[in-house]
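Novice: Questions regarding the structure given below will be posed in turn.
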Amino acid sequence: MITSNKCANCSGELVYDVDSGELICTHCSSLKDFEKESEKAGKKLLTQDSTIEQSKTKYTQYSCQTCGRKHISATDTPLLRCPSCGDNNLIKTVKIDFTPDGIIPFKINKNTALEHFYIWLKTHHFAPNSLKKLGKSKVLDGFYLPAYFYDFDTSTHYSGVGINTYRTPNGQMRYTRHSFDKTRKDKYVNRIESASSTISSVKIRQLGNYSEDKILVYRTEFLYGWFGGQVDASLQENSQNMKRIVTQEIALDVRAKLPYSNIESFNCQTKFSDIMYKYVYLPVYKGFYKYKNRDYSYYINGENGKVAGKTPKSFWKIFFLVLGITAVAGAIAYLYSIYH
Ligand SMILES: [Zn+2]
Ligand SMILES: [Zn+2]
3 MITSNKCANC SGELVYDVDS GELICTHCSS LKDFEKESEK AGKKLLTQDS TIEQSKTKYT
63 QYSCQTCGRK HISATDTPLL RCPSCGDNNL IKTVKIDFTP DGIIPFKINK NTALEHFYIW
123 LKTHHFAPNS LKKLGKSKVL DGFYLPAYFY DFDTSTHYSG VGINTYRTPN GQMRYTRHSF
183 DKTRKDKYVN RIESASSTIS SVKIRQLGNY SEDKILVYRT EFLYGWFGGQ VDASLQENSQ
243 NMKRIVTQEI ALDVRAKLPY SNIESFNCQT KFSDIMYKYV YLPVYKGFYK YKNRDYSYYI
303 NGENGKVAGK TPKSFWKIFF LVLGITAVAG AIAYLYSIYH
């Protein structure tokens, strides 16, 4: 939606300011407030016909020619770098209709996010020292990730045959067979699934919980100066995928908890009921850096600062650790041989 994001004082550009939670003029720094209300509408029941509602307003869409992902902007501020892959290979394309049900606005600014990243790096003891001195790398973009919050109930029926082995007093192996046939029920609340391939659902969960009670009604003003990702899969595809993954997770959990040393046969079926959903924009920072000609990326939760990502590992740090352990073990063995 291209609305007026011009400052009333100086006609400079207004952007959403994380620290004040208002709009700030990038030219004269004057603040302008706008209406913010909690998203109280709750989740909607998922049916075969459910789709994401489209608004009547138009947003500018950018397509990345490197990774193929699409991003949207609420203002005329050009998107210079793709928030997904960091390349600047973008073209401005058609205008699209779009509206999430709710949004969790950014709570921490870019500098605070970077501080969280450096603290996180320090906890990675095998990361090369030169990486920790990367300096204030500014290649960090904040954007809104489209995601679904789901609530649902599952009922899982599982049956099969388990085997336990034991040894008799005279050392012979014996087996007992047990057939099982049970049902278990689970309740899921606020399971978050990514609606964009920019970040996997697993990665979002590594970023810690986003608070559902902090979701506000979406307003275009939140997007001033920021960018939003576009959904890659429809609500129907996303929910089908979610069901498939949850079914696998439950089956693995059921199997792991069976009190048998071997499973001879195993049958597990999960049924879903009362699936409720909400389409929400989540605040995420994505950062990029190069180390020894390889690209690395990391993510920061824009609400609580939690970081997720991989770091390169220093060969020498691991080498010296192993060497140290070997030396200590050798010394202990030597002393043991002397005194015994
Ligand atoms: Zn101004
Ligand atoms: Zn890209």
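Numbering (our numbering), first residue to last: 3 to 342.
Positions of the beta carbon are idealized from the N, C-alpha and C atoms, including for glycine.
(1) Skipping 5 residues on each side, what residues in its chain have a beta carbon closer than 6 angstroms to that of Asp-19?
(2) Under three-state DSSP, which class holds Asn-73?
(3) Just how far apart, CA to CA, sit Met-3 and Ser-13?
(4) Indicate whether the contact test is met: 3 or more Cβ pairs, each with one atom in the stretch 206-219 and one in the stretch 258-274, closer than 8 angstroms.
(5) Consider the C-beta atom of Arg-1 and the heavy atoms of ligand 2; say whether any pair is separated by less than 7 angstroms.
(6) Would you list the one or two residues that DSSP bridges to Met-278?
(7) On the DSSP bridge assignment, give the partners of Lys-182 in chain order.
(8) At a cut-off of 7 angstroms, would you count Asp-234 as near ligand 2, judging by its Cβ distance to the nearest heavy atom?
(9) Just checking Ser-32 against ligand 1 - is the residue's beta carbon closer than 7 angstroms to any of the ligand's heavy atoms?
(10) So, is Ala-333 buried or exposed, given that buried needs 16 or more other C-beta atoms within 10 angstroms?
(11) Cα-Cα, which of Glu-15, Ser-52, Lys-38, Thr-156 is closest to Thr-28?
(12) Which residues in the same chain have their Cβ closer than 8 angstroms to the Cβ of Gln-232, if we skip the five residues on either side of it in sequence?
(13) Starting from Asn-303, follow the beta strand (DSSP E) in both directions and report where the run begins and ends.
(14) What does Ser-65 pair with, by DSSP beta-bridge criteria?
(15) Assign Ala-197 to one of three DSSP states: helix, strand, or coil.
(16) Go through the stretch 311-335 residue by residue and report every complete run of the beta strand (DSSP E) that reaches 3 residues or more, in order.
(17) Terminal residues of the continuous alpha helix (DSSP H) containing Leu-25?
(18) Using the C-alpha atoms, what's the distance from Phe-290 back to Ile-201?
(19) Going along the chain, which residues put their C-beta within less than 6 angstroms of some heavy atom in ligand 2?
(20) Residues bridged to Val-191 by DSSP?
Specialist: In terms of the structure at hand:
(1) As a working note, residue 19 is residue 17 in the sequence shown. Excluding sequence neighbours, Asp-19 sits near Ile-26.
(2) Here the question's residue 73 lines up with position 71 in the sequence shown. It should be noted that the sequence gives His, not Asn, for residue 73. In this structure, His-73 counts as strand in the three-state DSSP scheme.
(3) In the sequence shown, counting from the first residue as 1, residue 3 sits at position 1. In the sequence shown, counting from the first residue as 1, residue 13 sits at position 11. The predicted position of Met-3 is uncertain, since its pLDDT is 43 and thus under 50; no value can be drawn from it.
(4) Using a Cβ-Cβ distance cut-off of 8 angstroms, the stretch 206-219 and the stretch 258-274 are not in contact, since fewer than three pairs of beta carbons, one from each stretch, lie closer than that value.
(5) It is not possible to answer for residue 1, since the shown part of the chain is limited to 3 through 342.
(6) The residue you call residue 278 lines up with position 276 of the sequence shown. In DSSP, Met-278 forms a bridge with Leu-47, Asp-153.
(7) Stepping through the sequence shown from its first residue, residue 182 is reached at position 180. Looking at the sequence shown, residue 182 is not Lys but Phe. According to the DSSP secondary-structure assignment, Phe-182 is paired through a beta bridge with Gly-162.
(8) As a first step, residue 234 is located in the sequence shown; it is residue number 232 there, counting from the start. Answer for Asp-234: no, Cβ out of range of ligand 2.
(9) Sequence index remark: in the sequence shown, residue 32 carries index 30 (1-based). Within the cutoff, so yes.
(10) If you number the sequence shown from 1, residue 333 lands on position 331. Taking all protein chains in view, the Cβ of Ala-333 is surrounded by fewer than 16 other Cβ atoms within 10 Å, so the residue is classified as exposed.
(11) For the purposes of this step, residue 28 is taken as residue 26 along the sequence shown, with counting starting at 1. Nearest of Glu-15, Ser-52, Lys-38, Thr-156 to Thr-28, Cα basis: Glu-15.
(12) Residue 232 sits at position 230 when you count from the first residue of the sequence shown. So the list reads Gln-63, Arg-71, Lys-72, His-73, Ile-74, Ile-98, Phe-100, Pro-148, Ser-198, once near-sequence residues are dropped.
(13) Your numbering for residue 303 matches position 301 in the sequence shown. Asn-303 -> beta strand (DSSP E) spans 296-303.
(14) By 1-based counting over the sequence shown, the position of residue 65 is 63. Note: Ser-65 sits in a beta bridge opposite Lys-72, Ile-93.
(15) On the sequence shown, position 195 is the one that residue 197 refers to. In the structure shown, Ala-197 sits in coil (DSSP, three-state: anything other than H, G, I, E or B).
(16) none
(17) Within the sequence shown, the letter at position 23 stands for residue 25. Careful: Leu-25 lies outside any alpha helix (DSSP H), inside the beta strand (DSSP E) at 25-27.
(18) Against the sequence shown, residue 201 aligns to sequence position 199. Against the sequence shown, residue 290 aligns to sequence position 288. So the alpha carbons of these two residues sit roughly 14 angstroms apart.
(19) Cys-66, Thr-68, Cys-69, Arg-71, Cys-84, Ser-86, Cys-87, Asp-89
(20) Along the sequence shown, one-based indexing puts residue 191 at 189. Bridge partners of Val-191: none, in fact.
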